[in-house]
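Protein chains in written order, with this note's numbering: chain A, 2 to 347; chain B, 4 to 273.
Right, here's the structure in full:
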């Protein structure tokens with residue numbers, strides 16, 4: 002009896018190790034894809050730079066015409082794309098898992114739009130610029146998330162109610178943006194538009210700092226809740242029965258996810274649908290039944306990096322990355338809504 | 004094994020304005036099987052939700068080992084008391100072993116790694132529920148009865164002294180209902196697990212439970228051994244159903260024969 006039990010326990014352990022090895026391979030593959038796209042981003046611009054020269058420019062050599070393009074234009078682009086993509090991917094999937102619904106992504110339920118609306122208002126109506134706008138954007142993202150949470154609170158927060166409240170608030174904020182743009186003086190439009198479709202145009206390396214800090218701080222919050230998040234996939238009742246303190250876990254996860262999304266939105270603008278797309282794609286890749294959180298972060302980074310490369314190099318004109326990810330995300334949103342009655346992958 | 008039994012003291016609870024339970028008292032016998040029965044909306048599930056910390060009481064308390072469960076840290080309580088909700092959700096495509104592994108959640112701290120002991124606990128739970136041959140299967144591909152056994156295995160991997168189940172036999176065919184209830188008796192005998200379940204079927208409740216708790220209008224109408232609780236008067240009062248009680252020829256426990264308006268030689272109107 003005991004021997005049979007040990008054999009079974011070893012079988013279970015072996016299956017688990019096999020799956021984590023598979024996940025590690027997938028993660029490495031994803032890393033290789035990211036690295037390849039970074040290499041492309043660094044070598045391709047107005048001119049194509051050979052890999053040798055890219056490496057020398059990165060190492061600090063002064064190559065006329067090359068070093069500036071690689072170090073000041075292309076590298077910040079790649080770094081910002083990865084960090085913003087990670088933030089959107091992680092923040093999005095945390096919401097989707099917590100509420101067990103792919104539609105519960107912060108860019109669908111009005112949190113990203115909260116940041117955008119505040120920034121557009123600040124620029125067009127109050128003539129603010131720079132840091133003040135970004136700070137306001139972060140605070141409004143957090144504020145809108147808190148408002149949605151409180152408005153949908155009745156004996157605890159149910160996923161469907163929160164999503165509906167969020168979509169309604171998103172629609173309201175959309176009209177605030179339309180109003181602000183209609184009344185905006187023309188010289189502010191260029192600056193304001195950046196807050197409507199995300200972009201990594203004009204990226205600089207110092208911009209990466211707030212993203213790094215936010216990924217560390219808010220990422221630590223999500224990391225601390227990763228087991229709770231995993232248990233919440235079984236439903237709130239089962240999670241509570243397994244010892245998850247629902248109110249505290251939800252508050253921590255929301256703070257972590259919203260913080261990440263709001264800071265990333267403040268730096269790059271709301272890169273359309275990245276948060277929304279990363280989770281479901283990661284789920285397909287990592288296979289069901291296992292936590293897709295880290296994979297979703299990698300997918301987010303890949304989406305922004307590849308989307309930006311397509312927008313810059315592969316289309317007839319140069320488009321910001323948000324246009325490309327938006328074009329990918331919109332059909333997927335329709336698809337999800339069409340099959341919304343079937344149980345989702347979460 | 005808890006030193007003191009699971010006790011409910013002057014418990015009042017409900018959702019929003021509507022109070023469902025009013026000043027309810029109950030002591031659950033340790034190491035036995037207790038079945039809660041009653042008409043729809045009598046407060047059975049609400050009582051179970053309060054006993055498992057899912058619902059906060061408005062007044063009164065639930066004590067486990069002399070300590071109020073609503074003031075016990077959730078993770079600590081989850082190592083003592085498990086709950087299987089009526090309709091638990093599973094992530095699509097999850098394997099049986101992965102689902103059962105979730106039962107180890109309360110035993111894992113923030114930094115604790117998965118250990119060989121966790122694997123053994125999962126193996127024990129699978130073996131006890133005879134789902135060991137299903138370990139690598141996809142949960143979605145199982146029959147209703149198999150799936151319910153897997154969910155019970157998850158609650159077992161939690162290794163608690165007390166297990167609460169909300170209608171564990173709903174949606175199951177009669178053969179699977181018996182299979183699940185037999186399994187619960189096995190657990191009760193082998194592990195001395197205290198089992199409390201809400202059941203709809205009075206005859207199965209009488210046959211499988213050591214103690215029956217009949218509820219009516221948010222209060223306990225009668226509690227005790229099935230022979231004492233399941234009387235014609237109690238069923239009539241708690242369910243508004245006239246009936247005859249005869250001894251179950253296979254178990255000697257009381258068995259309810261409902262009297263409707265049709266197809267009986269005695270009329271309920273009589």
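Built from N, CA and C at the ideal position, the CB exists for glycine as well.
Computed from a predicted model, the values in this text were never measured in an experiment.
Anticipated Cβ contact below 8 Å, residue i with residue j, distance rounded
{"i": "residue 180 of chain B", "j": "residue 109 of chain B", "result": "Not a contact, Cβ separation roughly 29 Å."}
{"i": "residue 268 of chain A", "j": "residue 212 of chain A", "result": "6 Å"}
{"i": "residue 51 of chain B", "j": "residue 9 of chain B", "result": "The Cβ separation is near 11 Å, so there is no contact."}
{"i": "residue 270 of chain A", "j": "residue 189 of chain A", "result": "Between residue 189 of chain A and residue 270 of chain A the Cβ distance is about 15 Å, and since that is not below 8 Å, they are no contact."}
{"i": "residue 74 of chain B", "j": "residue 241 of chain A", "result": "Incorrect: roughly 15 Å between the Cβ atoms, too far for contact."}
{"i": "residue 172 of chain B", "j": "residue 202 of chain B", "result": "7 Å"}
{"i": "residue 178 of chain A", "j": "residue 121 of chain A", "result": "5 Å"}
Pair within 8 Å by beta-carbon distance, residue i and residue j
{"i": "residue 89 of chain B", "j": "residue 169 of chain B", "result": "yes"}
{"i": "residue 208 of chain B", "j": "residue 42 of chain B", "result": "no"}
{"i": "residue 215 of chain A", "j": "residue 264 of chain A", "result": "yes"}
{"i": "residue 301 of chain A", "j": "residue 89 of chain A", "result": "yes"}
{"i": "residue 45 of chain B", "j": "residue 221 of chain B", "result": "yes"}
{"i": "residue 139 of chain A", "j": "residue 116 of chain A", "result": "yes"}
{"i": "residue 190 of chain B", "j": "residue 196 of chain B", "result": "yes"}
{"i": "residue 28 of chain A", "j": "residue 315 of chain A", "result": "no"}
{"i": "residue 32 of chain A", "j": "residue 91 of chain B", "result": "no"}
{"i": "residue 93 of chain B", "j": "residue 167 of chain B", "result": "no"}
{"i": "residue 214 of chain B", "j": "residue 32 of chain B", "result": "yes"}
{"i": "residue 75 of chain A", "j": "residue 46 of chain A", "result": "yes"}
{"i": "residue 28 of chain B", "j": "residue 40 of chain B", "result": "no"}
{"i": "residue 211 of chain B", "j": "residue 238 of chain B", "result": "no"}
{"i": "residue 256 of chain A", "j": "residue 286 of chain A", "result": "no"}
{"i": "residue 216 of chain B", "j": "residue 223 of chain B", "result": "yes"}
{"i": "residue 165 of chain B", "j": "residue 83 of chain B", "result": "yes"}
{"i": "residue 224 of chain A", "j": "residue 164 of chain A", "result": "no"}
{"i": "residue 152 of chain A", "j": "residue 166 of chain A", "result": "yes"}
{"i": "residue 293 of chain A", "j": "residue 283 of chain A", "result": "yes"}
Start-to-end residues for the beta strand (DSSP E) that takes in residue i
{"i": "residue 248 of chain B", "result": "246-250"}
{"i": "residue 25 of chain B", "result": "21-31"}
{"i": "residue 218 of chain B", "result": "214-219"}
{"i": "residue 53 of chain A", "result": "Note, residue 53 of chain A: premise wrong, no beta strand (DSSP E); alpha helix (DSSP H) at 52-60."}
{"i": "residue 12 of chain B", "result": "9-18"}
{"i": "residue 131 of chain B", "result": "Premise fails: residue 131 of chain B lies in the alpha helix (DSSP H), 119-131, not in any beta strand (DSSP E)."}
{"i": "residue 37 of chain B", "result": "36-41"}
{"i": "residue 312 of chain A", "result": "Unbroken run through residue 312 of chain A: none, as it is neither H nor E."}
Neighbour-count burial assignment, residue i, 16 or more Cβ in a 10 Å radius
{"i": "residue 344 of chain A", "result": "Below a pLDDT of 50, predicted positions are generally treated as unreliable, and residue 344 of chain A, at 47, falls in that range; no measurement from the model is reported."}
{"i": "residue 244 of chain A", "result": "buried"}
{"i": "residue 231 of chain A", "result": "buried"}
{"i": "residue 135 of chain B", "result": "buried"}
{"i": "residue 259 of chain B", "result": "buried"}
{"i": "residue 151 of chain B", "result": "buried"}
{"i": "residue 17 of chain A", "result": "buried"}
{"i": "residue 62 of chain B", "result": "exposed"}
{"i": "residue 195 of chain A", "result": "buried"}
{"i": "residue 93 of chain A", "result": "buried"}
{"i": "residue 262 of chain B", "result": "buried"}
{"i": "residue 51 of chain A", "result": "exposed"}
{"i": "residue 193 of chain B", "result": "exposed"}
{"i": "residue 18 of chain B", "result": "exposed"}
{"i": "residue 273 of chain B", "result": "Its pLDDT being 45, under 50, residue 273 of chain B is placed unreliably in this model, and the value from its coordinates should be taken loosely. Label assigned to residue 273 of chain B: exposed."}
{"i": "residue 115 of chain B", "result": "exposed"}
Boundaries (first-last residue) of the alpha helix (DSSP H) holding residue i
{"i": "residue 18 of chain A", "result": "3-44"}
{"i": "residue 109 of chain A", "result": "No alpha helix (DSSP H) holds residue 109 of chain A; DSSP gives it neither H nor E."}
{"i": "residue 178 of chain A", "result": "160-183"}
{"i": "residue 164 of chain B", "result": "That residue, residue 164 of chain B, is in no alpha helix (DSSP H); it is neither H nor E in DSSP."}
{"i": "residue 179 of chain B", "result": "177-194"}
{"i": "residue 228 of chain B", "result": "Residue 228 of chain B -> no alpha helix (DSSP H), and no H or E assigned at all."}
{"i": "residue 256 of chain A", "result": "247-269"}
{"i": "residue 281 of chain A", "result": "275-287"}
{"i": "residue 191 of chain A", "result": "187-194"}
{"i": "residue 336 of chain A", "result": "322-339"}
{"i": "residue 147 of chain A", "result": "131-152"}
{"i": "residue 88 of chain A", "result": "76-99"}
Contact test: residue i Cβ vs the ligand FMN heavy atom, cutoff 7 Å
{"i": "residue 306 of chain A", "result": "Absence of the ligand FMN from the depicted structure is noted, as is the absence of any ligand whatsoever, leaving it without description."}
Check whether the stretch 120-128 of chain A touches the stretch 245-263 of chain A, taking contact to mean three or more Cβ pairs, one atom from each stretch, closer than 8 Å.
no
Are the stretch 80-95 of chain A and the stretch 103-110 of chain A touching, with three or more C-beta to C-beta distances below 8 Å?
yes
Would you be able to state if there are at least three C-beta pairs under 8 Å between the stretch 273-280 of chain A and the stretch 92-102 of chain A?
yes
Between the stretch 5-18 of chain A and the stretch 113-133 of chain B, do at least 3 Cβ pairs fall closer than 8 Å?
yes
Counting pairs of beta carbons, one from the stretch 176-190 of chain A and one from the stretch 198-207 of chain A, are three or more of them closer than 8 Å?
no
Touch check for the stretch 104-122 of chain B and the stretch 142-149 of chain B: three-plus C-beta pairs under 8 Å?
no
Take every Cβ of the stretch 308-323 of chain A, pair it with every Cβ of the stretch 39-47 of chain A, and state whether three or more of those distances are shorter than 8 Å.
yes
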